[in-house]
Structure formats: structure tokens, C-alpha cells
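Going line by line, the protein sequences match chains A and B. Residue numbers are given in numbering that gives the first Met the number 0: position 160 of the first sequence equals residue 159, and the series is strictly consecutive. Residue numbers are given in numbering that gives the first Met the number 0: position 159 of the second sequence equals residue 158, and the series is strictly consecutive. Think of the CB as a built atom: it goes at the ideal place given N, C-alpha and C, for glycine as much as any other residue. Taking it in order: structure first as C-alpha cells, then the write-up.
2 protein chains.
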Amino acid sequence: MSAERKAVVLLSGGLDSVTAAAIARKDGFDLYALTFNYGQRHTWEIAAAEKLAVLLNVKEHKIVSLDLTAFGGSALTSAMLVPKERTLEAMAGEIPVTYVPARNTIFLSVALGWAEVLGASDIFIGVNAIDYSGYPDCRPEFIHAFEAMANVATKAGVQGVRTAIHTPLIAMTKADIIRCGTDLGVNYSQTHSCYDPSPIGESCGQCDACLLRLKGFTDAGLTDPIAYIRRAGRAAHS
Amino acid sequence: MSAERKAVVLLSGGLDSVTAAAIARKDGFDLYALTFNYGQRHTWEIAAAEKLAVLLNVKEHKIVSLDLTAFGGSALTSAMLVPKERTLEAMAGEIPVTYVPARNTIFLSVALGWAEVLGASDIFIGVNAIDYSGYPDCRPEFIHAFEAMANVATKAGVQGVRTAIHTPLIAMTKADIIRCGTDLGVNYSQTHSCYDPSPIGESCGQCDACLLRLKGFTDAGLTDPIAYIRRAGRAAHS
Chain A
0 MSAERKAVVL LSGGLDSVTA AAIARKDGFD LYALTFNYGQ RHTWEIAAAE KLAVLLNVKE
60 HKIVSLDLTA FGGSALTSAM LVPKERTLEA MAGEIPVTYV PARNTIFLSV ALGWAEVLGA
120 SDIFIGVNAI DYSGYPDCRP EFIHAFEAMA NVATKAGVQG VRTAIHTPLI AMTKADIIRC
180 GTDLGVNYSQ THSCYDPSPI GESCGQCDAC LLRLKGFTDA GLTDPIAYIR RAGRAAHS
Chain B
0 MSAERKAVVL LSGGLDSVTA AAIARKDGFD LYALTFNYGQ RHTWEIAAAE KLAVLLNVKE
60 HKIVSLDLTA FGGSALTSAM LVPKERTLEA MAGEIPVTYV PARNTIFLSV ALGWAEVLGA
120 SDIFIGVNAI DYSGYPDCRP EFIHAFEAMA NVATKAGVQG VRTAIHTPLI AMTKADIIRC
180 GTDLGVNYSQ THSCYDPSPI GESCGQCDAC LLRLKGFTDA GLTDPIAYIR RAGRAAHS
């Protein structure tokens, strides 16, 4: 496999995106990591992304600022409260207020632009449609529609280069993701998932992101190495 | 027609986008204008957008910063030279270095997010595939693919709201656009099109944007009211 294959990987600093990046690396790609500072309340994830980019030995890491608090509309970018202690059934049943309108569309669009400049035709995103919060832009039909659009959007596309949006985690359970990443040497102690961390970066243990993460480690028979204010909730056992 | 209909309009500060916005207003929409400060060398267009937003009586005008110079890859966002004195045949034949990778994809994605927060299901963009520089993301097939993607990307889409991407100029000549805007009261003296203006904001008269604009005014039998360093080029007669 050539060392010249480049992939743009969306790296949020969370558990999923670092695992998707590790899979891209295992598949022989040189990694170009892209992180967004979009005004998310959990800016700890950006610091995590910087550490993970080093551990992943990426060729380049760009942190792009785009202030989505200008619009709000989400508990992650405004003063709305982050929901706590939701059951998995509740997560499956409704799209929560932590949904950020068009976030993955925006992130993938910027990734598409960078990929074209780099001459890369592969983009990795760690979306997951099994253990997730019901976000519409994590589903396969969104990814397929984005890929179709991408291939008529760019100069590269017009010239016949096909851009692929890789979603290696989309059909995996959270436990599968954690097992896969562990096998690939991912250091999950450096990841950040919590939507509502304490001032010193401890995870709340009660938001959707924490509950799904804790359940994933439990189901994988592993212990989550990060610090929590409390490990609680119906879905979590540690 | 209800006064409650909201449309997000991409307003660059150029001739096309203000005309598209004027059409949206004529069609009865309340306007929510969106402008990007993306590191374009012709920042004069942002000042123009601010004046035009006032003239259009928009409900709200947001200027979003997103630094595309981080990637470069375009004469508009890097130190590359802007091509001058290209013929219309040359413009039709190749995508020039002023193409900004994935720009309209990125802009429409952010517009989609804002529209969802506003509860708007209509987005206007002044793309044109007749008198244009051959940019792939100005073509109908791109717009259709983006619209299809948008409708599976958002919570609103999942809930059955159809988002429409309106491109009222897409099949018009530049002269038609100028006639239409003039009929709608657009003040073209406040617009900025040039890719390579002088330090005091005069248009070069020689880049693709100037040449297409000057030809449009000539073909419409009108005089372009803005200041040029020189009015020259094969395509322009003033």
C-alpha cells in the first residue's frame, strides 16, 4: 500500500472519532486531522483532539474556528440545559436538544474543501447509528446523500475523482467500537465525550454522551479510564 | 402572502446575490442575510453586503467568520495571482484558480443550520450557470444534490419539513440579472464584484468577475455605476 494515500479525518476529541482515525491509519492512510472550535460548551474535547492527533501521528492537524453560537438552537451552543439520566429508550425515541443543526453537514463540507486542496479523496467520520442520540446527520442515508452531493460539488469531482465518505463505526455498538480501538492501541484516557464537564474537565456521568460511553465500556468488559464526577444513571454500571 | 415566511439569503455583497435577495423579498419572504468572512482577498464585498442588507431591509444580517485561508487552494484565499483579461471562451473552458474548494457547499451548509434554527425552509443563493466562471458548485446538478442531502440532514427534514434551495438566477444571463434587479430597485452602486480591487476598493476591470459584470451592463444597455481602475478587456465595452 502506498504511503501517499491521504485521508481527512474529523477528530472531535471523543471516543468515536479517534477510533475512526485509528481505523483509517490501520488501512494505510496518512492522516490529516480536522477539529472544529464551534463554540461548543465542552471545549475540553478540543484539547483532547490536540493530544490525540499527536498520538495518532497525523501529518497535519487543523483546528478551524466557526462560531455556531451565532445561531444557537442547541444545548451545546447556547445556555439550554443538557439533558441528564435519559434512558436508552428515550435516546432512541427523540432527537434531543443537544442536536446541533446541520453540524455534520458543515463539518463534512469543510473537510471536503480541505480534501480537495490536499488531493485527498477519502474522508473519515466517526458517526454511529446504533448507540447514539438519534441525530439525523449520523444516519447512513445522510452519509450517502452527502457523498453523492460531494461528487458534483468540486473541481476534483468534475474531473472524475470520486470522494468517499468512510463511516467505519456506523453499524457498530459502542462496545464494539471500544474493543476495536483498544485492539488498535487507542488511548481512551486522552479522549473527552461529556457534553457538560466540570470546570476542571471531569465528565458528568449523566448526559447522553457519558451514559453511552459508560455502557459501552461495561458491555466491552473494560473500565473507562477517564475521571467522572459520578458514575450513575440507569444505563451505566462501573 | 403571509409576512411570516422566512428565507435565509446568502449575501456576498456582489451583484448576483443582492439580486437573488431582491427576488426573495419580492416573493414575500422576510430576509435573513448570511455573509461569510472567509479570508477572501476582496473583503470590500463584506462592507458592500452590510450596506445592501440595510437597503434590502433584512430582518437580520449575520456575518460568519470561517478562515478558509487555513487551506488555501484558491487565488481568492492565498497569494496566487488572479487571472486577468480572460475571454468568455476561456471562462467556459476551464475552472480557474479563483475557484474556492467546496465554498458553496460550506456556505449552504451553514445556511441550512441557521434556517433550521429560524424555522425557515427556504434558502436563496445567487448562483448562475450561464455567464459564470465554470465553478462546479454553481451548476443545477450540484444544487439538486445539495437539496436532496439537506432533506435527510436535519431534524426538520426528519420531521417532514422540505428545505428548498432557490436559485432564481441560475438560467439567466448577466444582462437579464441586471435588468431584473434594476426593475426591483436594486442599487448596484453599492455592490462589489471585483476579485482584485485596489487598496481603496476600485474594481480592476480585468478579472473574470469584472469582465462578466461589465459585459452584463453593456448587454443590458446600462452603465455600471461603480468605480473601475480601468474598463478594459475583450469582453467589456463601456
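Looking at the structure shown, is A:K173 part of a helix, part of a strand, or coil, going by DSSP?
helix
Assuming the contact rule is C-beta atoms closer than 8 Å, A:L65 and B:L65 should be a hit. Round their C-beta distance to whole Å, please.
5 Å
Looking at the unbroken beta strand (DSSP E) that takes in B:I228, where does it start and where does it end?
Here B:I228 belongs to no beta strand (DSSP E), and DSSP marks it neither H nor E.
Ordered along the chain, which non-local residues of its own chain (more than five positions away) have a Cβ less than 7 Å from that of B:A19?
V8, F123, I124, G125, P167 and L168
If A:P139 and A:A128 are in contact, beta carbons under 8 Å, what's the gap, nearest whole angstrom?
6 Å
Does B:G71 come within less than 8 Å of chain A when only Cβ atoms are used?
Yes, B:G71 counts as interfacial toward chain A.
According to the neighbour-count rule (16 or more other Cβ atoms, all chains shown, within 10 Å of its Cβ), is A:V17 buried or exposed?
buried
Give the single residue among A:M171, A:K5, A:I45 and A:A21 whose Cα lies nearest to the Cα of A:G200.
A:I45
Go through its chain and collect everything with a Cβ distance to B:S132's Cβ below 7 Å, but skip five positions before and after it.
M90, P95, T97 and D207
Taking the runs of the beta strand (DSSP E) that are 3 residues or longer, which of them lie wholly in the region 26 to 101 of chain A?
29 to 36 and 59 to 64
Comparing alpha-carbon positions, which option in A:C203, A:R178, A:D195 and A:A226 lies nearest A:D15?
The residue with the shortest Cα to Cα distance from A:D15 is A:R178.
Taking 8 Å as the threshold (beta carbon to beta carbon), is B:C101 in contact with chain A?
According to the sequence as given, residue 101 of chain B is Ala; it is not Cys. It does; some Cβ of chain A falls within 8 Å.
Who are the Cβ neighbours of A:S197 in its own chain at under 8 Å, not counting the five residues just before and after it?
C203 and I228
Which stretch, first to last residue, makes up the beta strand (DSSP E) that contains B:L9?
For B:L9, the enclosing beta strand (DSSP E) has its first and last residue at K5 to L9.
Distance, Cα to Cα, B:E146 vs A:A21?
32 Å
Could you give the first and the last residue of the continuous beta strand (DSSP E) run that contains B:D121?
D121 to F123
Pop quiz: B:S120 and B:T162 are said to be a contact at Cβ under 8 Å. What is the actual Cβ separation, rounded to whole angstroms?
About 5 Å separates the two Cβ atoms, so the contact holds.
Measure from the alpha carbon of B:A170 to the alpha carbon of each residue in B:R24, B:D130 and B:K154, then state which is nearest.
B:D130
Are any of the Cβ atoms in chain A nearer than 8 Å to that of B:G92?
Answer no: the Cβ-Cβ gap between B:G92 and chain A never drops below 8 Å.
Whose C-beta lies closer than 7 Å to the C-beta of A:P224 among residues of the same chain, with five residues either side of it excluded?
The answer, listed in chain order, is Y187 and S188.
I need the straight-line Cα distance from B:G156 to B:H143, nearest angstrom please.
15 Å
Find the residues of chain A that neighbour B:M171, judging by a C-beta separation of less than 8 Å, and give them in chain order.
Correct list: empty, because the minimum Cβ distance to chain A is about 21 Å.
In the DSSP assignment, find the unbroken alpha helix (DSSP H) run with B:I199 in it and report its ends.
Note, B:I199: premise wrong, no alpha helix (DSSP H); not H, not E.
Identify the contact partners of A:Y98 in chain B, using a Cβ-Cβ distance below 7 Å as the criterion.
K154
Just how far apart, CA to CA, sit B:A52 and B:S77?
28 Å
Figure out for me which residue from A:V63, A:G184, A:E84 and A:S73 has the closest Cα to the Cα of A:A110.
A:V63
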